[in-house]
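Only one structure is covered here, and it is reproduced in the block below.
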Amino acid sequence: MRVFMSLINCYRLVSILLTTIAVLGFATPKAQASLLVASNATNSVLEYDEITGAFIKTFISSGSGGLKEPLDLTFGPDGNLYVVSRATDSILKYNGTTGEFINAFVQSGSGGLKNPIDLDFGSDGNLYVSNSGLNGGFGEPAPINNSANNVLKYNGTTGEFINAFVPSGGGGLKIPTGMRFGKDGNLYVNSRDTNSVLVYDKTTGNLIKTIIPSNNGEVDVPTGLTFGEDGTLYVSSLNTHSVLKNDGTMGTFLNTFVFPGSGGLIAPIGLAFGKDGNLYIMGLKRQIKIKSSIIVKE
Numbered sequence: 004m005r006v007f008m009s010l011i012n013c014y015r016l017v018s019i020l021l022t023t024i025a026v027l028g029f030a031t032p033k034a035q036a037s038l039l040v041a042s043n044a045t046n047s048v049l050e051y052d053e054i055t056g057a058f059i060k061t062f063i064s065s066g067s068g069g070l071k072e073p074l075d076l077t078f079g080p081d082g083n084l085y086v087v088s089r090a091t092d093s094i095l096k097y098n099g100t101t102g103e104f105i106n107a108f109v110q111s112g113s114g115g116l117k118n119p120i121d122l123d124f125g126s127d128g129n130l131y132v133s134n135s136g137l138n139g140g141f142g143e144p145a146p147i148n149n150s151a152n153n154v155l156k157y158n159g160t161t162g163e164f165i166n167a168f169v170p171s172g173g174g175g176l177k178i179p180t181g182m183r184f185g186k187d188g189n190l191y192v193n194s195r196d197t198n199s200v201l202v203y204d205k206t207t208g209n210l211i212k213t214i215i216p217s218n219n220g221e222v223d224v225p226t227g228l229t230f231g232e233d234g235t236l237y238v239s240s241l242n243t244h245s246v247l248k249n250d251g252t253m254g255t256f257l258n259t260f261v262f263p264g265s266g267g268l269i270a271p272i273g274l275a276f277g278k279d280g281n282l283y284i285m286g287l288k289r290q291i292k293i294k295s296s297i298i299v300k301e
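In the working numbering, the protein residues as written are 4 to 301.
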C-alpha cells in the first residue's frame, strides 16, 4: 500500500470514457469515436480523438457546475453525461452533446455519499455509486469505523437516494473502487483493501461470490475494471502496473493481459474498450492503447 499512496501523491488522477459522438448534418449520422477524459488536476473533462490521440476540445470547462476532482464518468440512458465530483461528494449531470451543466443530479452527501469513486447505471435504469468514505484522496488509508464503504443506489430519473444497495462492508467489501454491471446483470465491485473482486446480486445486493479472492497473488490494489464483448473480465492492478484477465464467470485467471510497465504504463486506474476493439488504459502518468483480439461491435 505504501507504493500506492506515494504514486497517488505524485500524480493526479484521471479517468477515461470511450463514447460515440454523432457527426451532425446527416439523416443517418456516421459514428465518430472519441475519448472523454476526466482531468482531476484541472477539474474538467477533455475530449480527444480516439484514433490519433489528438486533443479536440474541452468538453466540460473547469469547475462547471461546481465540478471538483472528477473521477469516473458515464452516459446515462437519457444520453446525458454523469460525472463523479469527488471533492464535493456529488454526481453532476451534463448535456451529452454540448457538455453544458444541467444540474447536481445527486446532491452533496445524499444518502451518506462521501468520497465517491465510480458509477454505473443498472438494467433497472437506476444509478449505482461506489462510496469509499475516505477522508482524503483515493490513496488515503481507510478511516476507522468507516460508515460508508458501500454502494449507493439512486433513482435514475430524479437522482433521489433509494438505499444502500450494498451495505457498509457487505460481503467483506473494504473501500470499493471500480465497478461495472456484467453481462449477467450482476454488479462486480473492486475491493481495494482486500485485493479482491466481489459480485453482488442485481436485485438484492447480496453477495453472490468472490470472483477474485483476497491474497490471490495476482491483483495488488484493484482500481478499474471492465468487460470484453465476450464477457471476459479485465482488472487493472495498480501496484503491479498491469492489467489482468479473468474468465468473468468461474473466476479463473486467464493471463496477464498487459504486462507490468508495458508501453511505459504506470499505476493503471481506468479501463475501456474502444469501437476499434482495442483496450484503452489510463495510468497515473501515461495513457496507452493495447491491441485486443476482442472485437467491439458497432
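Just so it is clear, CB atoms sit at the ideal spot from N, CA and C, and this is done for glycine as well.
Item: Residues bridged to Gly185 (per DSSP); Value: Paired residues: none, contrary to the question.
Item: Residues that DSSP places opposite Gly273 in a beta bridge; Value: Met285
Item: CB of Gly174 within 8 angstroms of CB of Leu210, strictly; Value: yes
Item: Straight-line Cα distance separating Val154 from Thr207; Value: 12 angstroms
Item: Contact set for Asp227: own chain, Cβ-Cβ below 6 angstroms, skip 5 residues either direction; Value: Here residue 227 turns out to be Gly, not Asp, going by the sequence shown. Cβ neighbours of Gly227 beyond the five flanking positions: Gly181, Ser239, Ile272, Gly273 and Leu274.
Item: Span separating the alpha-carbon of Leu247 from that of Leu176; Value: 20 angstroms
Item: Spatial distance of Val261 from Leu236 (CA atoms); Value: 13 angstroms
Item: Extent of the continuous beta strand (DSSP E) to which Thr212 belongs; Value: It is Lys, not Thr, that sits at residue 212 in the sequence shown. First-last of the beta strand (DSSP E) with Lys212: Leu210 to Ile215.
Item: Spatial distance of Ile105 from Phe256 (CA atoms); Value: 42 angstroms
Item: Complete runs of the beta strand (DSSP E) confined to the segment 64-140 [at least 3 residues]; Value: 73-78, 84-88, 93-97, 104-109, 119-124 and 130-134
Item: Start-to-end residues for the beta strand (DSSP E) that takes in Lys248; Value: Ser245 to Asn249
Item: Presumed contact (8 angstroms Cβ cut-off) between Gly351 and Ile63, rounded CB distance; Value: Lying outside 4 to 301, the shown extent of the chain, residue 351 is not represented and no answer is given.
Item: Beta-carbon proximity of Lys156 to Tyr131, cut-off 8 angstroms; Value: yes
Item: Beta carbon of Leu38 nearer than 8 angstroms to that of Val48; Value: no
Item: CA nearest to the CA of Asn258, picked from Val222, Asn242, Asn118 and Arg183; Value: Val222
Item: Span separating the alpha-carbon of Met8 from that of Thr229; Value: With a pLDDT of 31 at Met8, under the threshold of 50, the predicted position of this residue should be treated as unreliable, though the coordinate-derived value follows. Computed Cα separation, rounded: 23 angstroms.
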